[in-house]
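One structure is given below, encoded as structure tokens.
Right, dumping it as structure tokens:
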């Protein structure tokens with residue numbers, strides 16, 4: 016490699032929960048550099064989760080973390096060309112990629128929902144994912160199924 020790998024920038028923990036994971040999520044959700052708007056959406060969503068939750072001993076943030084871990088994929092398929100044919104090869108995912116993939120799915124499927132505000136959409140998707148249902152969890156299940164179906168090509172791993 017000619018270029019050095021980019022240094023990981025340290026993330027400041029968010030002001031309310033003092034958690035770096037929250038900041039990472041908000042950074043992904045943010046549009047046009049409007050971070051305060053993104054933080055407001057996130058905190059409102061957590062407040063809605065707090066109201067609607069069934070599990071009394073868990074906080075809204077813990078439910079969000081559960082939802083995130085339920086959406087996290089463990090294997091994915093990568094395309095690889097072998098002798099003119101393209102194979103889908105199942106591979107393990109790096110821990111940081113697992114987290115960012117889960118966040119990406121949660122956010123994108125929240126945006127596709129049809130509640131009134133983004134906070135309501137996000138809250139609904141988080142509550143669904145915490146119960147192992149919803150579009151983001153379905154995406155993870157489909158990804159795992161795809162990897163399982165292509166297990167025969169795992170010897171092409173590089």
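Residue numbers (my numbering): 16 to 173.
Where is the CB? At the ideal position from N, CA and C, for every residue including glycine.
None of these values were measured; they are calculated from a predicted model.
**Report entry** Reference residue 112, options 166, 131 and 88, closest by Cα
**Finding:** 88
**Report entry** Of the residues 32, 33, 31 and 57, the one placed nearest residue 42, counting alpha carbons only
**Finding:** 57
**Report entry** DSSP state of residue 54 mapped onto helix, strand, coil
**Finding:** helix
Query raised in the report: If we count the other Cβ atoms within 10 Å of its Cβ and call it buried at 16 or more, is residue 64 buried or exposed?
Result: buried
Requested in this report: Use the C-beta contact count for residue 30: other C-beta atoms within 10 angstroms, 16 or more gives buried, fewer gives exposed.
Outcome: exposed
Report task. Determine the DSSP secondary structure at residue 96, reduced to helix, strand or coil. Result -> Residue 96: strand per DSSP, three-state reduction.
Query raised in the report: In this structure, does DSSP put residue 163 in helix, strand or coil?
Result: helix
Query raised in the report: Just reading off the alpha helix (DSSP H) that residue 81 is part of, what are its end residues?
Result: 75–86
**Report entry** CB contact flag (residue 90, residue 162, <8 Å)
**Finding:** yes
Report task. Look at residue 60 and residue 137 and say whether their C-beta atoms are less than 8 Å apart. Result -> yes
Report task. Return helix, strand or coil for residue 32, following the three-state DSSP convention. Result -> coil
Query raised in the report: Would you say residue 20 faces chain D, with C-beta separation under 8 Å as the test?
Result: No chain D appears in the structure shown, which is made up of a single protein chain.
Report task. Return the Cβ separation of residue 165 and residue 104 in integer angstroms, given the expectation that the two are a contact with Cβ distance under 8 Å. Result -> 7 Å
Query raised in the report: Which runs of the beta strand (DSSP E), 3 residues or longer, sit entirely within the stretch 97–156?
Result: 100–107
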